[in-house]
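Some notes on the structure that comes next.
Residue numbers (the working numbering): 7 to 517.
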């Protein structure tokens, strides 16, 4: 099979069902690996590998420091890679997806039992770098393949649906493997890692063959002008971080990040603490925790379908607020049941699991649906397309906050008296886990809800934004109407007279 040819210059190539499926399937890597890591890696490190909760948290912290350089750099390079021979032949984004395929088995190496702290540190860092190499270019492709609001929303929906399927697998697979291999077998996680690594390679190849990149006016000139390397490594990194932080000067993107962090950090904290909560607070087991997580992910799958329709027809911010409230209610009911003496064997646990799953599914979809429009808002400010820079920021923020959440859970648990490998924990340790589950999850959800009240990107305002972009591209200098002025100024955070390159953000992006 030959790679998909470059898109025509008009960017009007039709998007077919197989393109939606290929794009969405790659979130088996994006969401699947994150679901496995956030749900199981602390248990694996502390209960099967002999690491303390503090050592496990240190692995996350070190990986994030390195990723602070790697993820934005990959996004920056992919924005400018079209000027190279490899970029012209394979695509400035898609080249990195192709190159990452043979490296994805590094995920299985993370889960090899009986190794040292340094082995787990190096293997985790290796996978994180490969993950960034593949995911950052992938996250640009929805904006590359279409500029239509509904098409981008369908790309996001396909992505999140596949992500939820992989999360279901991440929830149930340990239970199935425990049944086959025995309750105390650390090989459970290694086999899980191998299965996911094969899936990652297959979906990345599928994406490569059924995706494309569109040519943007002026893109070639930008690539040649700003290709890294002209001023040495130091100059390249300086330009990279100027460009990176300039994305934060786009108002809609700042608000989007706030919603994203509120929705995702809350889930990271919940996932990291939930398995420990089931085992030690609710007198359950790893298999029971696996079954509960898998069931929650099934409910999330249904919730994504509901959220796709709601976000397409109404305000994403309203859908976000409903979802966050539902997730928070599930957490409160779970803690209330525990306080009332309910154990993991009770059917009552399905009530908070269902509530939390309904909220989490929508929270997974909404930020990624709105993310696909951030490059459009940036374009009216800078007159350029910087999908790679935004993808670099998103991936770095996602991995950094997930690591901070999981590492924070590890450090706080250790400070609260948690003993790695112990079959029973003290009352103080159990209460620490419960507080993490409650305060950590609900506090971050509340932050996201507050931010969402100021986010006003909707199908209608996006249509106005795209009309004003074409209006400015045609040489206009004044808005088509006062209403349109108000909309684009609210989304961009800049006065209309400063748009289309007449601002410091555009100057930074072009440097």
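Backbone N, C-alpha and C fix where the C-beta goes; we use that ideal spot for every residue, glycine too.
Exposure of residue 503 is indicated by the presence of fewer than 16 other C-beta atoms within 10 angstroms of its C-beta. The C-alpha of residue 468 is placed about 17 Å away from the C-alpha of residue 506.
The alpha helix (DSSP H) runs lying completely inside the stretch 360-425 and spanning 4 residues or more are 380-388, 393-421, given in chain order. Under the three-pair Cβ rule at 8 Å, the stretch 264-275 does not count as touching the stretch 292-303. Counting only residues of its own chain and dropping the five nearest sequence neighbours on each side, residue 107 has a CB closer than 7 Å to the CB of 207, 210, 211.
Within the same chain, 26 come within 7 Å of residue 160 by CB-CB distance, once the 5 residues on both sides are set aside. For residue 397, the closest C-alpha among the options 416, 376, 389 is that of 376. If you compare the alpha carbons of 157, 51, 132 with that of residue 315, the shortest gap goes to 157. Under the three-state reduction of DSSP output, residue 500 falls in the coil class, being neither helix nor strand.
The alpha-carbon separation between residue 323 and residue 425 amounts to approximately 41 Å. In this structure residue 512 touches residue 387 by the C-beta definition: roughly 7 Å separates them, less than 8 Å. With 16 or more other CB atoms across the displayed protein chains lying within 10 angstroms of its CB, residue 464 is buried. Cβ atoms of residue 274 and residue 412 come within 8 Å of each other, at about 6 Å. Comparing alpha carbon positions, the residue from 194, 358, 262 closest to residue 284 is 358. Membership of residue 144 in the alpha helix (DSSP H) is indicated by the continuous run 123-151.
DSSP places residue 73 in the helix class (H, G or I) of the three-state scheme. Counting every other CB atom within 10 Å of its CB across the protein chains shown gives residue 253 a total of 16 or more, marking it as buried. For residue 478, the enclosing alpha helix (DSSP H) begins and ends at 465-479. For the pair of segments examined, the stretch 169-181 was found to touch the stretch 30-43: the number of CB pairs separated by less than 8 Å reaches three.
With distances taken between CA atoms, residue 87 lies nearest to 100 out of 423, 77, 76, 100.
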